[in-house]
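Enquirer: For the record, the sequence lines run as chains A and B. As numbered in our numbering, residues 1 to 309 make up the first sequence, in order. As numbered in our numbering, residues 310 to 618 make up the second sequence, in order.
Protein chains: 2
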Amino acid sequence: MSLTVVGSIAFDSVRTPFGERERMLGGSAVHFALAASLFTDVCVVGPVGDDFGEEHLALLEARGIDTADIEHVPGGETFFWRGHYDHDMNVAHTDETQLNVFAEFAPKLSTASREAETLFLGNIQPDLQRDVRRQSSAEFAGLDSMNLWIETARDSLLAAIGEVDCLLLNDAELRMLTEVPNLAQAARRAMEVGPEVVVAKRGEYGAALFTADGAFAIPGLPLEDVRDPTGAGDSFAGGFLGYLDAVRVGGNYDERALRRAMAYGSVMASFNVEDFGTERVRGVTEAEVAERLAEFKRLTHFEEAPVSA
Amino acid sequence: MSLTVVGSIAFDSVRTPFGERERMLGGSAVHFALAASLFTDVCVVGPVGDDFGEEHLALLEARGIDTADIEHVPGGETFFWRGHYDHDMNVAHTDETQLNVFAEFAPKLSTASREAETLFLGNIQPDLQRDVRRQSSAEFAGLDSMNLWIETARDSLLAAIGEVDCLLLNDAELRMLTEVPNLAQAARRAMEVGPEVVVAKRGEYGAALFTADGAFAIPGLPLEDVRDPTGAGDSFAGGFLGYLDAVRVGGNYDERALRRAMAYGSVMASFNVEDFGTERVRGVTEAEVAERLAEFKRLTHFEEAPVSA
């Protein structure tokens with residue numbers, strides 16, 4: 001079992017009502033990989049510049065993450081994002097984006113990365129996602145995207161979605177992509193493009209899963225300390241696909257495994273938001289993950305009983 | 310077991326992307342009563358005008374609802390609301406409000422209404438809510454409110470909340486009331502005012518319950534047909550308090566009963582939005598309620614299992 005992720009490797013400068021940080025290690029591939037590394041073996045694919053140091057590699061390698069496909073572009077600078085959140089932390093405000101080495105990125109997967117059974121195409125330009133999908137022999141591939149690509153590269157994005165098994169999007173983006181305001185109908189419309197599994201991420205409200213068998217929904221844990229939501233969606237995806245890769249039997253997953261994967265995704269997202277950047281997830285233990293899964297179970301569990309009970 | 314509700318009895322003119330209706334029977338007390346009547350005996354308290362006819366009384370009485378405390382104001386007109394929803398049906402746009410007979414409403418509860426074990430103070434001016442609370446000998450009282458009263462009658466509202474056992478508010482209103490952006494912290498702050506139970510309603514995202522014992526959350530059912538959300542919050546409250554009244558043992562409820570009440574509230578809200586006004590809830594059967602409760606259980610159920618499973 002192993003999982004390859006392609007996506008941004010970034011430095012993020014973030015301000016929230018609870019503090020700020022300059023140039024933290026971040027990016028979709030980093031957040032995803034750290035979360036997934038609790039469950040399975042992970043290879044990261046993506047470009048970095050001269051400003052990406054040994055200490056950043058070490059942070060990933062401490063989690064057993066394979067960094068051989070992190071491509072160092074001499075003379076380049078790593079992707080940079082600056083953003084902030086006001087009191088409604090469901091909304092990220094982008095203040096600055098520097099593509100840097102990402103502008104010229106042409107993914108080239110090593111044999112190990114190509115052969116991973118599971119693939120995650122993090123939020124990057126959809127033609128790049130398709131390029132990586134073609135290089136990979138993964139039996140199960142997931143894809144994330146964002147409003148930017150829905151607006152500027154819609155056809156490429158639809159083609160990319162048609163080539164994966166699982167689509168993960170924010171609920172607003174799923175509605176935007178399909179132009180269907182009702183979420184359940186939007187998910188079904190997205191399935192017609194190709195994926196058998198559609199996950200609608202809902203920020204603090206949790207996430208919903210749609211398959212041919214029906215729907216599943218999990219609320220967000222009502223955390224008392226939410227410091228920085230940056231990367232929560234990628235941590236969710238890392239827990240979700242990391243767990244699925246860990247329990248894989250052939251290329252298919254039963255409904256029970258998918259539901260449990262939703263719960264593990266929610267667990268990893270809940271850790272993500274408790275501190276800035278990767279500060280919480282990179283140190284989380286398996287015992288903490290198990291404990292929080294039990295907390296999610298308690299949060300959502302109710303017993304059916306007739307009214308006369 | 311019996312339950313008294315005070316709130317608006319109204320005619321609503323509503324337009325949504327799925328159609329429109331003129332002067333439907335509505336109002337917080339009506340939506341609440343119809344939902345609660347599936348679970349327990351309900352008395353409705355509130356004023357109506359000359360335009361409120363026998364057919365409207367008959368609609369309530371067909372559900373066994375006690376209408377003796379519906380006060381007919383000769384020469385008056387019933388409360389009227391006109392509003393619409395765009396594609397984001399979480400947001401109601403008010404186009405017109407006529408208080409009419411509500412402007413002079415001085416609630417006077419009959420003996421039967423006073424002696425009901427459970428009381429629901431629907432969304433009306435908080436001094437009226439306090440007046441009704443003082444007349445009632447209910448062992449368990451719930452209260453709903455809205456942004457208007459938070460902005461214009463904050464002190465009265467806080468006093469009213471201090472006199473009930475359970476507060477039900479939209480999550481945005483709970484944050485506005487407490488001035489605490491984090492929902493879990495906002496719920497705890499609200500509990501300091503008095504209520505032991507706080508329910509945050511979240512529209513299509515479901516609802517969250519907070520007690521001294523912890524939190525519970527239930528997602529909304531991902532319905533494919535949502536036609537009119539008007540009254541969904543009151544139908545939720547009707548299912549929630551109606552179920553609690555039906556299973557009451559003394560004045561207290563254990564955590565399991567509260568969680569089941571959340572599920573029944575969600576069931577009734579899900580029926581509410583499937584058609585305009587009261588059109589769906591007023592005809593719903595006990596068998597349909599039981600079936601949908603099972604659907605909610607399926608929607609939210611997952612089994613814990615270690616990653617190695």
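All C-beta atoms, glycine included, are put in the ideal place defined by N, C-alpha and C.
Mapping DSSP to helix, strand and coil, what is A:Ser37?
Expert: coil
Enquirer: Let me check understanding here. Comparing Cα to Cα, which of A:Ser266, A:Ser110, A:Leu221 and A:Glu286 lies closest to A:Leu241?
Expert: A:Ser266
Enquirer: For the stretch 187–208 of chain A, list every residue whose C-beta sits within 7 Å of some C-beta in chain B, in sequence order.
Expert: Arg202, Tyr205, Gly206 and Ala208
Enquirer: What residues from chain B crowd round A:Val229, counting only those whose CB sits closer than 9 Å?
Expert: The question names Val, but residue 229 of chain A in the sequence shown is Pro. In chain order: nothing, as chain B lies at least about 12 Å away.
Enquirer: To the nearest angstrom, how far is the alpha carbon of A:Val307 from that of A:Asp95?
Expert: 53 Å
Enquirer: Tell me, please, whether the stretch 415–422 of chain B touches the stretch 438–445 of chain B by the rule of three or more beta-carbon pairs shorter than 8 Å.
Expert: yes
Enquirer: Taking 8 Å as the CB-CB cut-off, is B:Glu329 touching chain A?
Expert: no
Enquirer: Using the Cα positions of B:Thr313 and B:Ala541, report the straight-line distance between them to the nearest angstrom.
Expert: 19 Å
Enquirer: Short of 7 Å Cβ to Cβ, which residues in the stretch 545–558 of chain B face chain A?
Expert: Tyr552, Ala555 and Val556
Enquirer: Quick test of your reading: B:Ala344 and B:Val508, contact by CB under 8 Å. State the CB separation rounded to the nearest angstrom.
Expert: No, B:Ala344 and B:Val508 are not in contact; Cβ-Cβ is about 14 Å, not under 8 Å.
Enquirer: What distance in whole Å lies between the Cβ atoms of B:Gln438 and B:Leu457, which are believed to be in contact at a cut-off of 8 Å?
Expert: At roughly 13 Å, the Cβ-Cβ gap does not stay under 8 Å, so B:Leu457 and B:Gln438 are not in contact.
Enquirer: Between B:His610 and A:Val247, what straight-line distance do the alpha-carbon atoms span, to the nearest angstrom?
Expert: 19 Å
Enquirer: Taking Cβ positions, are A:Ser235 and A:Phe102 nearer each other than 8 Å?
Expert: no
Enquirer: Please go through the same chain and pick out, in chain order, the residues whose beta-carbon is closer than 7 Å to the beta-carbon of A:Asp213, but skip the five residues on each side of it.
Expert: Glu255
Enquirer: Considering only the alpha carbon of each residue, which of B:Phe389, B:Pro504 and B:Ala603 lies closest to B:Asp360?
Expert: Among B:Phe389, B:Pro504 and B:Ala603, the Cα nearest to that of B:Asp360 is on B:Phe389.
Enquirer: So does the stretch 180–188 of chain A actually touch the stretch 569–587 of chain B, counting three or more Cβ pairs closer than 8 Å?
Expert: Touching, no, given that fewer than three Cβ pairs across the two stretches are closer than 8 Å.
Enquirer: Could you check where the beta strand (DSSP E) with B:Val315 kicks off and where it finishes?
Expert: For B:Val315, the enclosing beta strand (DSSP E) begins and ends at Ser311 to Val315.
Enquirer: Kindly say whether A:Pro181, judged by its beta-carbon, lies nearer than 8 Å to any beta-carbon of chain B.
Expert: yes
Enquirer: Nearest chain A C-beta to B:Ala541 closer than 8 Å, yes or no?
Expert: no
Enquirer: Where do the N-terminal and C-terminal ends of the alpha helix (DSSP H) with A:Gly242 fall, by residue?
Expert: Ala232 to Ala246
Enquirer: Just verifying my parser: in three-state terms, what is the DSSP assignment at A:Ala309?
Expert: The predicted position of A:Ala309 is uncertain, since its pLDDT is 41 and thus under 50; no value can be drawn from it.
Enquirer: Locate the beta strand (DSSP E) running through B:Ser322, then write down its first and last residues.
Expert: Ala319 to Thr325
Enquirer: Tell me whether B:Asn491 sits in a helix, a strand or coil according to DSSP, three-state version.
Expert: Here B:Asn491 sits in coil by DSSP.
Enquirer: In its own chain, which residues sit with a C-beta less than 6 Å from the C-beta of B:Pro435, not counting the 5 before and 5 after it?
Expert: Trp458, Ala462, Ser465, Leu466 and Ala469
Enquirer: Are the C-beta of B:Phe611 and some C-beta of chain A separated by less than 8 Å?
Expert: yes
Enquirer: Between A:His72, A:Leu57 and A:Met268, which lies nearest to A:Gly203 when the distance is taken from Cα to Cα?
Expert: A:Met268
Enquirer: Quick check on A:Gly277: buried or exposed, where buried means 16 or more other Cβ atoms within 10 Å of its Cβ?
Expert: Burial is judged here by how many other beta carbons sit within 10 angstroms of a residue's own beta carbon; A:Gly277 has at least 16 and is buried.
Enquirer: Measure the alpha-carbon distance for A:Cys43 versus A:Glu55 and round it to whole angstroms.
Expert: Distance between the alpha carbons of A:Cys43 and A:Glu55: 18 Å.
Enquirer: The beta strand (DSSP E) that contains B:Ala379, what's its start and end?
Expert: A small fix is needed here, since residue 379 of chain B is Ile in this sequence, not Ala. Run containing B:Ile379: Ile379 to His381, per the beta strand (DSSP E) assignment.
Enquirer: What are the boundary residues of the beta strand (DSSP E) that includes A:Phe120?
Expert: Thr118 to Leu121
Enquirer: Which of helix, strand or coil does DSSP assign to A:Lys108?
Expert: Of the three classes helix, strand and coil, the one that applies to A:Lys108 here is coil, per DSSP.
Enquirer: Alpha carbon to alpha carbon, what distance is there between B:Ile527 and A:Leu121?
Expert: So the two alpha carbons sit approximately 30 Å from each other.
Enquirer: Count the other CB atoms within 10 Å of the CB of A:Gly162; is the residue buried (16 or more) or exposed (fewer)?
Expert: exposed
Enquirer: Taking 8 Å as the CB-CB cut-off, is B:Glu533 touching chain A?
Expert: yes
Enquirer: Which residues in the same chain have their Cβ closer than 8 Å to the Cβ of A:Leu183, if we skip the five residues on either side of it in sequence?
Expert: Asp171, Leu174, Arg175, Ala200 and Ala208
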